[in-house]
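**Student:** Every number in the working numbering is 37 more than the matching position in the sequence shown, counting from 1.
Backbone N, C-alpha and C fix where the C-beta goes; we use that ideal spot for every residue, glycine too.
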Amino acid sequence: MDYNISSAENAVIQEGVAKIKVIGVGGGGNNAINRMIAANIKSATFAAINTDKQALIMSRAPERIQIGEKLT
Numbered sequence: 038m039d040y041n042i043s044s045a046e047n048a049v050i051q052e053g054v055a056k057i058k059v060i061g062v063g064g065g066g067n068n069a070i071n072r073m074i075a076a077n078i079k080s081a082t083f084a085a086i087n088t089d090k091q092a093l094i095m096s097r098a099p100e101r102i103q104i105g106e107k108l109t
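(1) Which value, in whole angstroms, describes the spacing of the CA atoms of Ile70 and Asn41?
(2) In the DSSP assignment, find the unbroken beta strand (DSSP E) run with Ala84 in it and report its ends.
(3) Between Asn67 and the rest of its own chain, which residues show a CB-CB distance below 7 Å, the 5 nearest in sequence each way excluded?
(4) Whose C-beta lies closer than 6 Å to the C-beta of Ile102 among residues of the same chain, with five residues either side of it excluded?
(5) Mapping the DSSP letters down to three states, classify Arg97 as helix, strand or coil.
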């Protein structure tokens, strides 16, 4: 396999800095995300995934993904 690592990715690897993304799924996961954001955690980015559009609207996550729109 050929792994091409960009210079930016290589810099992250050399510095030992981890990129952390927390993904909250469903009501409980979204509540956990909201609490982490309220606690002012800066070392991670956040995304919320839910079938409930209203719950996503209330989410503090900057990235929100609705799934199952046509099913629920």
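**Tutor:** Put simply:
(1) The straight-line gap from Cα to Cα measures roughly 33 Å.
(2) For Ala84, the enclosing beta strand (DSSP E) covers residues Thr82 to Asn87.
(3) Excluding residues within five positions, the ones whose Cβ falls inside 7 Å are Gly61, Ala85, Asn87, Ala92 and Ser96.
(4) Counting only residues of its own chain and dropping the five nearest sequence neighbours on each side, Ile102 has a CB closer than 6 Å to the CB of Ile86.
(5) Looking at Arg97 - three-state DSSP - the assignment turns out to be coil, as it is neither helix nor strand.
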